[in-house]
Structures are given as C-alpha cells and as structure tokens.
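Residue numbers (my numbering): 7 to 266.
Cβ atoms here follow ideal geometry from the backbone N, Cα and C, with glycine treated the same way.
As the structure is a prediction and not an experimental result, all values here were calculated from the model.
Written below as structure tokens is the structure these notes are about.
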C-alpha cells in the first residue's frame, strides 16, 4: 500500500515506528555492548541497593528475594525516568527536522516513550532470570503485567507532552525536571513498598501514579503488593495526565514551532 492510500492513523503508526527504529539504531550503532547498556544501569543500581540494605544495614522494607523486589520497580522506573528526561530536549534537539516535516508533532514525544518502552520490555527476561535464580515464584497476578505497561505508557506520554513544549519557553525547566525526577525516585515505592510506609501515608501514596504501576509489576512475584485502590487511582491519574498533556500540547504547538 502506497503512503497516500493509508489512513491517517496508519501513517502516524508507520512514521512512529520508523523514528523509533532510528532512535534505537543511533543509540546502539557505535556501542560494543549494545542491548546490555539498557539493562546495565538498573542492574548496577539494584546491586548497590541490595548490598546496602542486605549486607550493610538490616533491612526492614520490601520482600524477599529483595533483588527481585528492587528490579520489579527499578526497570520500569528507568523507562519513565529516561523518557521524561529525553522529552525535555524532544523539540530542541530535532528543531530543523520538526519544522521541515508535516507529521503530527506529538510523534516526537511518543517516539521517545516507545523507544524507552522497548528497552524496558527487552530487559524483562533479566528480571525473570533473577527470579528463577533467587527462587521467587511467579504468581497468577503476572497476567496484570501488560496492564501495568499500558498504564505506564499512558502516564509517560502524558507527562512528556506537558514537559516537551514547556521546556522550549522555559529552558530552566529542563534542570527542574531532573531535580523533580530525583525527588520522585525516593518518593516512589522503589526501594520500599507502599505497605512499608506509615499508615497515615498510605492514602496519600496512592496519588503518586507510579505507586499503582509498580504494585502491578511486583504482584507478578509478590501478590501481597497488589492494591487495587492504588492501581485505580494510578490509572485515573495517568489518563488525566494524558488529557492535560494533549491540551497543553495543542495550545502551545504553534508557539513552539515559532520559537524553535
């Protein structure tokens, strides 16, 4: 089928896939380790936190095996963190190409979400290998893993659509986003679980949309981590972020094109 015969959605999907492939090829074309770089960072972080909380200090948070508990949240966190960080330069890095093409501009954000998401999916076998090695059992709640991926993709795209255009007008926002992500890492249940928080914070923790997402991932190995109230709040907030992101993007698109 020729490009002009495709539906707008099919053309968008085709362009999105081509740009995502380009991103992945550029990222790993000159790399010796290639794919392994996408999992090395979370593995190193997980190893550090595992050593600190199991060998140096007496751990009072999380579940055993702790390395699986950590990776089940660290791997999706790297997807969210990497995509949002890259979105701060989404328009500034590709300014000339964006001005010279007529494809929908949301694609420049969604390609980053998709490429980081592919890296996350490619790292899932590592999580499974650690689960097998450490004796963690996979529960029936593993069927909710795809649901977690969908909710996280919606959330990440929504945040990216907010951040990407605003950074064009407020360049300091790029550094502010990095600080917010650093704070969000410790404010999210990554090295600990939502159930480890003081009781008075359980309700408020649900309003961090990453809390419900991480509980869905962890439920594959730790069924007790699944909290449907937290998951529901995360899903609603993710859709709300996507709606806000689309609104912000549509209101600022013309101004962004003039600015870049």
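Residue i: buried (16+ other C-beta within 10 angstroms of its C-beta) or exposed?
i: residue 125; result: buried
i: residue 215; result: buried
i: residue 83; result: buried
i: residue 11; result: Interpretation of residue 11 is limited by its pLDDT of 49, a score under 50 that renders its predicted location unreliable; the figure taken from the coordinates is listed afterwards. Its Cβ having fewer than 16 others within 10 Å, residue 11 is exposed.
i: residue 212; result: buried
i: residue 249; result: exposed
i: residue 192; result: exposed
i: residue 147; result: buried
i: residue 152; result: exposed
i: residue 32; result: exposed
i: residue 162; result: buried
For my contact list, residue i and residue j are in at a C-beta cut-off of 8 Å; report their separation, rounded to the angstrom.
i: residue 2; j: residue 73; result: Outside the displayed range of the chain (7 to 266) lies residue 2, so it cannot be described from this structure.
i: residue 226; j: residue 145; result: 6 Å
Quick check: the Cα distance between residue i and residue j, rounded to an integer number of angstroms?
i: residue 113; j: residue 156; result: 17 Å
i: residue 132; j: residue 50; result: 13 Å
i: residue 59; j: residue 255; result: 42 Å
i: residue 75; j: residue 107; result: 44 Å
i: residue 98; j: residue 71; result: 43 Å
i: residue 243; j: residue 200; result: 17 Å
i: residue 188; j: residue 181; result: 11 Å
i: residue 78; j: residue 236; result: 17 Å
i: residue 208; j: residue 104; result: 44 Å
i: residue 16; j: residue 23; result: 11 Å
i: residue 178; j: residue 143; result: 46 Å
Taking the alpha carbon of residue i as the reference point, which residue from the options has its own alpha carbon closest?
i: residue 231; options: 193, 220, 240, 48; result: 220
i: residue 92; options: 199, 173, 263; result: 173
i: residue 122; options: 190, 263, 166; result: 166
i: residue 197; options: 15, 53, 20, 127; result: 53
i: residue 150; options: 95, 109, 229; result: 229
Write down every uninterrupted run of the alpha helix (DSSP H) in the region 36 to 116 whose length is 4 residues or greater and which is fully enclosed by it, in chain order.
42 to 57, 72 to 93, 96 to 99, 101 to 106
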